[in-house]
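Residue 40 in the working numbering sits at position 40 of the sequence shown; the count goes up by one each step and never skips.
Positions of the beta carbon are idealized from the N, C-alpha and C atoms, including for glycine.
Predicted, not measured: the structure shown is a model, and the values here were computed from it.
What follows is a single structure, written as structure tokens, with notes after it.
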Amino acid sequence: MKISVIGCGYLGAVHAVAMVELGHHVVGIDVDAAKIAQLTEGRPPFFEPGLPEILSSALATGRLRFSTDIAEVAGSRVHFVAVGTPQRDGSNAADMTYVDSAIDALLPHLAPGDIVVGKSTVPVGSATRLAGVLEASGTGAVLAWNPEFLREGFAVLDTMSPDRLVYGVASGDDTAVVALNEVYATAIAAGTPVVVTDYATAELVKVAANAFLATKISFINAMAEIAEVTGADVTQLADAIGYDSRIGRRFLNAGVGFGGGCLPKDIRAFTARAEELGRGESVAFLKEVDQINLRRRQRVVDLTVDALGSVVNEKKVAVLGLAFKPHSDDVRDSPALDVAVKLRGLGANVIATDPQAIENSRARHPQISYSADIAETLRDADAVVLVTEWPEFAGIDPVWAAGLVRNRTIIDGRNKLDAAAWRAAGWTYLGLGRP
Ligand code: UDX
């Protein structure tokens, strides 16, 4: 099938490549000429494990091309819209500008029978409005909403074999279902469940899933706050409640909290949309979820300040981690980078390291010192803070590290280190929600 993908950011670039892997012909469109040039040369504009390899093999098939010219979508039967919906400046709501302009740009190039498929995370109600735009255009194209659930760091795997596929379609519209079944035939044959539903449900599935995940993390972080005043251990608590199959152990890792380009902005946009709909009280708890999450960053800062004897100025703090999670170079709303910035703001001499996210961090926060070398980061540190659980950091030998620092205090913001081993090497080990 001939497919176009509008927007070659994180979601779109991965989606375009995955569609070639599924056997289709794909053109990826983006307004950013530099991004298109990089993708055409086989170089992803961001770090994602496995993507360089499958991008190269997809380009080698001759079935993938990238362009800044939207007219090149002509001839495609399915057009995926995968542009961003960032948090709007000065508000919690989602910015729909990019989605609206992508649809406008597509209109002159659509033919009867074409399917426009929204993948972006949008406020519920958007698909119905956009279907009206398509209908009024008289192009004969129809709209479907097919949310994306990929996780950064596992984007290729999640796109090729998703947990489920969700299609939101206009009532009685079989054409979109037939086309999407053809697009995803390989995944469906491998057993991926498909939920066919209306637009509003499809839009809500995405935000509800992210709201649930964020709530699960903030729940365990709230238990960490209680553990901190009672001497309990939140990691054992998580193991014990996680054995209950109704609860499950995944997404119960207490620490510095969630970040990234999705969970924080999605729960805020969901709250804003519910308020617009007069149902703010239904998701008022998501404000608590957000607050608990932000408090955990401050907790790591406070523990560090205490460890420095409350005199922060000129003290050297080694920060291990900048990305919002391991296996990513993404620092959008990153708790790790936020902790580094806050400590720098208090006057500490912060030196931070990360296997992938230094460049993105430096572009946003040049006031921090960065090093690609763990030993250089640790040398003469007065305190060490682990905030992204990269395997490189979890595997640091505490005896080796002890020989580098000035003061052996480690704040484990992800509860990933072996506390006993670090203590045995002479360290003061401080976890979150752990005695
Ligand atoms: C998330 C959703 O998982 C995905 O389905 C959706 O499409 C986009 O948003 P992503 O942002 O890539 O994906 O990361 P995810 O793995 O969900 O982690 C989000 C954040 O939660 C990270 O900062 C992570 O460190 C944090 N987290 C996760 C915890 O603090 N504790 C946990 O137990 C799990």
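What number of angstroms, rounded off, separates the C-alpha of residue i from the C-alpha of residue j?
i	j	result
V350	L110	53 angstroms
V99	S120	8 angstroms
T215	A269	15 angstroms
V305	P335	17 angstroms
A425	A419	10 angstroms
G12	D114	19 angstroms
P435	A190	46 angstroms
G259	R332	7 angstroms
E182	E21	14 angstroms
G413	R246	27 angstroms
T97	L64	27 angstroms
V385	P49	25 angstroms
P112	C262	34 angstroms
E135	S76	19 angstroms
A209	D290	15 angstroms
M1	T186	13 angstroms
Q367	A224	32 angstroms
A375	A401	8 angstroms
L252	Y184	32 angstroms
A127	L277	16 angstroms
V283	P108	39 angstroms
K325	E389	7 angstroms
A394	L346	27 angstroms
A274	S218	20 angstroms
R296	R129	38 angstroms
A211	D329	23 angstroms
V178	V194	12 angstroms
A105	A222	46 angstroms
A227	G433	5 angstroms
Y199	I411	46 angstroms
K315	V341	14 angstroms
G248	A33	45 angstroms
T85	A94	6 angstroms
Q356	F47	7 angstroms
V27	A60	14 angstroms
Can you tell me which of the three DSSP states residue i falls into?
i	result
Q356	coil
A155	helix
F80	strand
W427	coil
V5	strand
N181	helix
G257	coil
H15	helix
T197	strand
I351	strand
G345	helix
S436	Any answer about residue 436 is impossible in this case: the structure gives the chain only from 1 up to 435.
S126	helix
G140	coil
G172	coil
L165	strand
S369	strand
Please state if the CB of residue j and the CB of residue i are separated by a distance shorter than 7 angstroms.
i	j	result
L404	R379	yes
I3	V78	yes
A58	M160	no
D266	V311	no
D373	N407	no
A322	A352	Note on identity: in this sequence residue 322 is Leu, with Ala being the wrong assignment. A contact, by the Cβ cut-off of 7 angstroms.
P147	V166	yes
P44	L51	yes
V122	E203	yes
V83	G7	yes
T197	P162	no
V317	L337	no
A16	V5	yes
H365	G153	no
N415	G255	yes
R436	D158	Nothing in the structure corresponds to residue 436, since the chain is present only between 1 and 435.
Under 6 angstroms: does the beta carbon of residue i sit that close to some heavy atom of ligand 2?
i	result
S371	Ligand 2 is not part of the structure shown, which contains ligand 1 as its ligands.
query = How about the segment 169-188 and the segment 143-154: do they share at least three Cβ pairs that are nearer than 8 angstroms?
reply = Counting Cβ pairs under 8 angstroms, three or more are found: they touch.
Quick one: which unbroken alpha helix (DSSP H) runs of 4-plus residues sit fully inside the segment 278-334? Chain order, please.
-> Whole alpha helix (DSSP H) segments, 4+ residues: 285-307.
- [ ] Only counting runs of 4 or more residues, tell me where the alpha helix (DSSP H) segments fall wholly within the segment 382-420, in order along the chain.
- [x] You should have 391-394 and 398-402.
Ignoring anything shorter than 3 residues, give me the beta strand (DSSP E) runs that lie fully in the segment 201-255, in order along the chain. For the segment 201-255, not a single whole beta strand (DSSP E) run of length 3 or above is found.
Contiguous beta strand (DSSP E) assignments of at least 3 residues, all confined to the segment 28-116:
With a minimum length of 3 residues, the continuous beta strand (DSSP E) runs that stay inside the segment 28-116 are 64-67 and 78-81.
query: Is there contact here, the segment 296-304 with the segment 237-246, by at least three beta-carbon pairs under 8 angstroms?
result: Touching, no, given that fewer than three Cβ pairs across the two stretches are closer than 8 angstroms.
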